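Residue numbers (the UniProt record's numbering): 1 to 303.
For glycine and all other residues, C-beta sits at the position ideal for the given N, C-alpha and C.
Quantities reported herein were computed from a predicted structural model and do not represent experimental measurements.
Each remark here refers to the structure printed beneath this line.
Here it is, written out as C-alpha coordinates:
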(Lines of atoms letter the chains of each structure in order from A and count residues from 1; the text may use other names and numbers.)
(Lines give C-alpha, C1' and ligand atoms only; values in the text may rest on other atoms or scores of the structure.)
Protein backbone atom coordinates (compact mmCIF):
# COMPACT_ATOMS: atom_id res chain seq x y z
CA UNK A 1 0.00 0.00 0.00
CA UNK A 2 1.35 3.38 -1.01
CA UNK A 3 2.45 5.50 1.93
CA UNK A 4 4.46 8.22 0.23
CA UNK A 5 3.61 11.71 1.49
CA UNK A 6 4.47 14.84 -0.48
CA UNK A 7 4.58 18.36 0.90
CA UNK A 8 6.24 21.53 -0.39
CA UNK A 9 7.70 19.61 -3.32
CA UNK A 10 9.45 16.98 -1.18
CA UNK A 11 8.30 13.38 -0.77
CA UNK A 12 8.87 10.92 2.03
CA UNK A 13 8.17 7.20 2.30
CA UNK A 14 6.29 6.98 5.60
CA UNK A 15 7.01 3.24 5.85
CA UNK A 16 10.71 4.03 5.93
CA UNK A 17 10.15 6.87 8.41
CA UNK A 18 8.05 4.52 10.55
CA UNK A 19 10.81 1.91 10.72
CA UNK A 20 13.35 4.60 11.54
CA UNK A 21 11.22 6.15 14.31
CA UNK A 22 10.44 2.79 15.91
CA UNK A 23 14.14 1.87 15.98
CA UNK A 24 15.09 5.27 17.43
CA UNK A 25 12.40 5.12 20.12
CA UNK A 26 13.37 1.58 21.09
CA UNK A 27 17.06 2.49 21.28
CA UNK A 28 16.17 5.37 23.60
CA UNK A 29 13.97 3.00 25.59
CA UNK A 30 16.87 0.61 26.18
CA UNK A 31 18.93 3.54 27.44
CA UNK A 32 16.14 4.54 29.83
CA UNK A 33 15.57 0.99 31.05
CA UNK A 34 19.23 0.49 31.89
CA UNK A 35 19.63 3.95 33.41
CA UNK A 36 16.50 3.78 35.54
CA UNK A 37 18.06 1.03 37.64
CA UNK A 38 20.92 3.28 38.76
CA UNK A 39 21.19 6.60 40.53
CA UNK A 40 19.29 9.46 38.87
CA UNK A 41 20.48 13.03 38.70
CA UNK A 42 17.12 14.75 39.28
CA UNK A 43 16.54 18.49 39.24
CA UNK A 44 13.61 20.85 38.90
CA UNK A 45 12.65 22.29 35.52
CA UNK A 46 10.78 25.58 35.64
CA UNK A 47 8.56 26.72 38.48
CA UNK A 48 5.59 24.36 37.99
CA UNK A 49 7.13 21.37 39.77
CA UNK A 50 8.26 19.51 36.65
CA UNK A 51 11.49 17.52 36.74
CA UNK A 52 14.31 16.62 34.40
CA UNK A 53 16.98 13.94 34.74
CA UNK A 54 20.17 13.03 32.94
CA UNK A 55 18.17 10.19 31.35
CA UNK A 56 15.84 12.70 29.66
CA UNK A 57 18.83 14.50 28.18
CA UNK A 58 20.70 11.37 27.11
CA UNK A 59 17.64 9.80 25.45
CA UNK A 60 16.82 13.05 23.67
CA UNK A 61 20.38 13.42 22.42
CA UNK A 62 20.28 9.87 21.04
CA UNK A 63 17.05 10.48 19.14
CA UNK A 64 17.89 13.98 17.90
CA UNK A 65 21.30 12.87 16.66
CA UNK A 66 19.70 10.04 14.70
CA UNK A 67 17.11 12.33 13.13
CA UNK A 68 19.71 14.91 12.15
CA UNK A 69 21.86 12.26 10.49
CA UNK A 70 18.98 10.56 8.67
CA UNK A 71 16.85 13.63 7.86
CA UNK A 72 19.21 16.64 7.99
CA UNK A 73 16.70 18.93 6.28
CA UNK A 74 13.91 18.29 8.78
CA UNK A 75 13.01 20.58 11.66
CA UNK A 76 12.98 19.16 15.22
CA UNK A 77 11.21 20.25 18.38
CA UNK A 78 12.48 18.37 21.43
CA UNK A 79 11.15 18.42 24.98
CA UNK A 80 14.42 19.51 26.60
CA UNK A 81 16.50 21.02 23.80
CA UNK A 82 13.80 23.06 22.12
CA UNK A 83 13.91 23.81 18.42
CA UNK A 84 16.51 22.56 15.97
CA UNK A 85 15.86 24.64 12.85
CA UNK A 86 16.49 23.26 9.38
CA UNK A 87 16.15 24.29 5.78
CA UNK A 88 12.98 22.29 5.23
CA UNK A 89 10.35 23.53 7.67
CA UNK A 90 7.68 21.50 5.90
CA UNK A 91 8.73 18.39 7.85
CA UNK A 92 8.86 18.59 11.65
CA UNK A 93 9.75 15.97 14.25
CA UNK A 94 8.53 16.23 17.83
CA UNK A 95 10.55 14.35 20.43
CA UNK A 96 9.49 13.47 23.97
CA UNK A 97 12.43 11.34 25.13
CA UNK A 98 10.96 10.48 28.54
CA UNK A 99 7.25 11.02 29.03
CA UNK A 100 6.79 10.30 32.72
CA UNK A 101 9.90 11.82 34.30
CA UNK A 102 8.04 12.46 37.56
CA UNK A 103 7.16 8.76 37.67
CA UNK A 104 10.64 7.47 37.09
CA UNK A 105 11.93 9.91 39.73
CA UNK A 106 9.86 8.15 42.41
CA UNK A 107 10.49 4.65 41.11
CA UNK A 108 7.12 4.21 39.40
CA UNK A 109 7.59 2.16 36.20
CA UNK A 110 5.14 4.14 34.07
CA UNK A 111 6.98 6.03 31.35
CA UNK A 112 7.35 5.96 27.57
CA UNK A 113 9.27 7.44 24.66
CA UNK A 114 7.31 9.45 22.11
CA UNK A 115 8.02 10.61 18.55
CA UNK A 116 5.87 12.31 15.94
CA UNK A 117 6.46 13.49 12.40
CA UNK A 118 4.35 16.29 10.94
CA UNK A 119 4.01 17.30 7.30
CA UNK A 120 3.16 20.98 6.96
CA UNK A 121 2.02 20.96 10.63
CA UNK A 122 -0.23 17.88 10.19
CA UNK A 123 0.73 14.73 12.18
CA UNK A 124 1.40 11.86 9.76
CA UNK A 125 3.45 9.50 11.93
CA UNK A 126 3.35 8.78 15.66
CA UNK A 127 5.40 6.32 17.71
CA UNK A 128 5.18 5.44 21.41
CA UNK A 129 7.56 2.93 23.00
CA UNK A 130 7.13 1.43 26.47
CA UNK A 131 10.54 0.33 27.81
CA UNK A 132 8.92 -1.58 30.69
CA UNK A 133 6.79 -3.90 28.55
CA UNK A 134 9.10 -3.75 25.53
CA UNK A 135 6.20 -2.94 23.23
CA UNK A 136 5.89 -0.14 20.69
CA UNK A 137 2.84 1.36 19.00
CA UNK A 138 3.10 3.25 15.73
CA UNK A 139 0.44 5.05 13.70
CA UNK A 140 0.64 6.24 10.10
CA UNK A 141 -1.91 8.72 8.80
CA UNK A 142 -4.67 6.78 7.05
CA UNK A 143 -3.12 3.36 7.72
CA UNK A 144 -4.06 2.44 11.26
CA UNK A 145 -1.96 1.47 14.26
CA UNK A 146 0.71 -1.24 14.40
CA UNK A 147 2.07 -3.04 17.45
CA UNK A 148 5.76 -3.98 17.60
CA UNK A 149 6.97 -6.46 20.21
CA UNK A 150 10.48 -7.86 19.93
CA UNK A 151 10.75 -10.25 17.00
CA UNK A 152 6.96 -10.27 16.61
CA UNK A 153 5.35 -7.59 14.48
CA UNK A 154 4.47 -5.18 13.34
CA UNK A 155 0.92 -6.44 13.57
CA UNK A 156 -2.26 -4.36 13.25
CA UNK A 157 -3.79 -3.21 16.52
CA UNK A 158 -7.16 -4.85 17.11
CA UNK A 159 -9.37 -2.85 19.45
CA UNK A 160 -11.94 -5.03 21.25
CA UNK A 161 -15.52 -3.83 21.42
CA UNK A 162 -16.36 -2.25 24.75
CA UNK A 163 -19.94 -1.46 25.73
CA UNK A 164 -20.66 2.13 26.68
CA UNK A 165 -20.14 2.19 30.47
CA UNK A 166 -22.57 3.74 32.94
CA UNK A 167 -19.58 5.43 34.58
CA UNK A 168 -16.45 5.74 32.43
CA UNK A 169 -12.81 5.25 33.34
CA UNK A 170 -11.04 8.38 32.12
CA UNK A 171 -7.51 9.72 31.98
CA UNK A 172 -6.69 13.35 32.69
CA UNK A 173 -3.78 15.47 31.46
CA UNK A 174 -2.94 19.14 31.78
CA UNK A 175 -0.12 21.47 30.81
CA UNK A 176 2.75 22.18 33.18
CA UNK A 177 1.92 25.87 33.38
CA UNK A 178 -1.74 25.45 34.36
CA UNK A 179 -2.22 27.08 37.75
CA UNK A 180 -3.87 25.26 40.63
CA UNK A 181 -6.38 28.09 41.02
CA UNK A 182 -7.48 27.99 37.37
CA UNK A 183 -11.29 27.96 37.66
CA UNK A 184 -11.83 25.98 34.45
CA UNK A 185 -9.39 23.32 35.63
CA UNK A 186 -11.12 23.06 39.01
CA UNK A 187 -14.60 22.92 37.48
CA UNK A 188 -13.58 20.15 35.07
CA UNK A 189 -12.07 18.10 37.88
CA UNK A 190 -15.17 18.49 40.04
CA UNK A 191 -17.37 17.20 37.22
CA UNK A 192 -15.08 14.31 36.32
CA UNK A 193 -14.45 13.21 39.89
CA UNK A 194 -18.17 13.18 40.61
CA UNK A 195 -19.28 11.28 37.50
CA UNK A 196 -16.44 9.01 36.32
CA UNK A 197 -15.82 5.62 37.86
CA UNK A 198 -12.15 6.50 38.00
CA UNK A 199 -9.97 9.37 36.80
CA UNK A 200 -6.36 8.40 36.07
CA UNK A 201 -3.62 11.02 36.34
CA UNK A 202 -0.63 9.10 35.05
CA UNK A 203 1.87 11.96 34.61
CA UNK A 204 2.63 10.31 31.25
CA UNK A 205 0.07 11.49 28.66
CA UNK A 206 1.35 9.26 25.87
CA UNK A 207 0.78 6.21 28.05
CA UNK A 208 -2.84 7.35 28.46
CA UNK A 209 -3.18 7.70 24.67
CA UNK A 210 -1.90 4.14 24.22
CA UNK A 211 -4.43 2.88 26.78
CA UNK A 212 -7.21 4.67 24.90
CA UNK A 213 -6.08 3.29 21.53
CA UNK A 214 -6.05 -0.24 23.00
CA UNK A 215 -9.52 0.20 24.47
CA UNK A 216 -8.31 -0.09 28.08
CA UNK A 217 -9.98 3.18 29.14
CA UNK A 218 -13.07 5.03 28.01
CA UNK A 219 -11.66 8.47 27.28
CA UNK A 220 -9.08 11.19 27.91
CA UNK A 221 -9.67 14.80 28.90
CA UNK A 222 -6.86 17.27 28.24
CA UNK A 223 -6.76 20.85 29.49
CA UNK A 224 -4.15 23.10 27.84
CA UNK A 225 -1.84 20.08 27.40
CA UNK A 226 1.81 20.22 26.42
CA UNK A 227 2.41 20.44 22.68
CA UNK A 228 5.29 18.02 22.22
CA UNK A 229 3.46 14.76 22.94
CA UNK A 230 0.00 15.71 21.65
CA UNK A 231 0.46 14.94 17.90
CA UNK A 232 1.61 11.35 18.43
CA UNK A 233 -1.17 10.71 20.94
CA UNK A 234 -3.93 12.17 18.80
CA UNK A 235 -2.76 10.22 15.74
CA UNK A 236 -2.68 6.94 17.71
CA UNK A 237 -6.21 7.57 18.91
CA UNK A 238 -7.68 8.56 15.55
CA UNK A 239 -5.98 5.73 13.66
CA UNK A 240 -7.31 3.21 16.19
CA UNK A 241 -10.85 4.43 15.54
CA UNK A 242 -11.26 6.92 18.38
CA UNK A 243 -12.64 10.45 18.04
CA UNK A 244 -10.96 13.63 19.29
CA UNK A 245 -12.87 16.89 19.75
CA UNK A 246 -12.37 20.26 21.35
CA UNK A 247 -13.95 20.70 24.78
CA UNK A 248 -16.97 22.44 23.25
CA UNK A 249 -17.60 19.49 20.93
CA UNK A 250 -16.32 21.12 17.75
CA UNK A 251 -13.77 19.49 15.47
CA UNK A 252 -10.31 19.29 17.02
CA UNK A 253 -7.42 20.85 15.11
CA UNK A 254 -4.42 18.46 15.43
CA UNK A 255 -1.91 20.72 13.69
CA UNK A 256 1.18 21.72 15.62
CA UNK A 257 1.78 25.34 16.52
CA UNK A 258 -1.61 26.00 18.09
CA UNK A 259 -1.64 27.95 21.38
CA UNK A 260 -2.45 26.16 24.63
CA UNK A 261 -6.07 27.33 24.74
CA UNK A 262 -6.69 25.59 21.40
CA UNK A 263 -5.08 22.32 22.46
CA UNK A 264 -7.68 21.32 25.08
CA UNK A 265 -9.56 18.19 24.00
CA UNK A 266 -11.85 15.31 24.83
CA UNK A 267 -11.16 11.93 23.22
CA UNK A 268 -13.02 8.64 23.24
CA UNK A 269 -14.82 5.97 21.20
CA UNK A 270 -17.30 7.22 18.58
CA UNK A 271 -20.24 5.61 20.38
CA UNK A 272 -19.60 7.58 23.59
CA UNK A 273 -17.85 10.78 22.47
CA UNK A 274 -21.07 12.83 22.61
CA UNK A 275 -21.63 11.79 26.22
CA UNK A 276 -18.05 12.72 27.08
CA UNK A 277 -18.47 16.14 25.47
CA UNK A 278 -21.65 16.72 27.48
CA UNK A 279 -19.74 15.73 30.59
CA UNK A 280 -16.99 18.30 30.12
CA UNK A 281 -19.30 21.08 28.89
CA UNK A 282 -21.26 20.68 32.13
CA UNK A 283 -18.23 22.21 33.85
CA UNK A 284 -19.11 25.63 32.43
CA UNK A 285 -22.28 25.69 34.54
CA UNK A 286 -20.47 25.21 37.82
CA UNK A 287 -17.38 27.27 37.00
CA UNK A 288 -18.88 30.52 38.43
CA UNK A 289 -19.47 28.75 41.75
CA UNK A 290 -16.01 27.18 41.71
CA UNK A 291 -14.49 30.58 41.02
CA UNK A 292 -15.96 31.91 44.27
CA UNK A 293 -14.22 29.23 46.32
CA UNK A 294 -10.67 29.92 47.44
CA UNK A 295 -8.41 26.90 46.90
CA UNK A 296 -6.26 25.82 49.81
CA UNK A 297 -2.61 26.70 49.24
CA UNK A 298 0.32 24.66 50.48
CA UNK A 299 1.64 27.63 52.44
CA UNK A 300 -1.65 27.93 54.34
CA UNK A 301 -1.19 24.45 55.79
CA UNK A 302 2.46 24.95 56.62
CA UNK A 303 4.07 23.23 53.62
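Taking a C-beta distance under 8 Å as the contact criterion, residue 187 and residue 290 qualify as a contact pair. Straight-line measurement puts the Cα of residue 50 at about 18 Å from the Cα of residue 59. Judged by DSSP in its simplified three-state form, residue 114 adopts strand. The way I'd put it, the segment 248 to 258 doesn't touch the segment 209 to 226; fewer than three beta-carbon pairs between them come closer than 8 Å.
Here residue 136 is buried: its Cβ has 16 or more other Cβ atoms, across all protein chains shown, within 10 Å. Residue 136 has 129, 148 as its beta-bridge partners, per DSSP. Taking 3 residues as the minimum length, the beta strand (DSSP E) runs contained wholly in the segment 23 to 97 are 42 to 45, 50 to 53, 74 to 78, 82 to 84, in order along the chain.
Scanning the segment 152 to 231 from its first residue to its last, the whole beta strand (DSSP E) runs of 3-plus residues come out as 152 to 156, 169 to 174, 198 to 200, 219 to 223. Note that the C-beta distance between residue 130 and residue 114 is not below 8 Å. The shortest CA-to-CA distance from residue 92 to any of 43, 123, 287 is the one to 123. Counting C-beta atoms within 10 angstroms of its own C-beta, residue 53 has 16 or more neighbours from the protein chains shown and is therefore classed as buried. If you draw a straight line from the Cα of residue 23 to the Cα of residue 181, it comes to about 42 Å. Contact between the segment 204 to 220 and the segment 163 to 180 is present: three or more C-beta pairs spanning the two stretches fall below 8 Å. Assignment of beta-bridge partners to residue 21 by DSSP yields no partner.
Annotated three-state conformation of residue 237 is helix, per DSSP. Of the candidates 261, 119, 72, 216, the residue whose Cα lies closest to the Cα of residue 6 is 119. Three or more beta-carbon pairs separated by less than 8 Å are not found between the segment 252 to 272 and the segment 144 to 157, which leaves the two stretches without contact.
For residue 274, the enclosing alpha helix (DSSP H) stretches over residues 273 to 281. Residue 4 and residue 267 have their C-alpha atoms roughly 28 Å apart. Taking C-beta separations shorter than 8 Å and ignoring five residues to either side along the sequence, the partners of residue 110 in its chain run 100, 103, 132, 202, 203, 204, 207, following chain order.
Residue 256 places its beta carbon less than 8 Å from that of residue 121.
Excluding sequence positions up to five before and after residue 85, its CB lies within less than 8 Å of the CB of 75, all in the same chain and listed in chain order.
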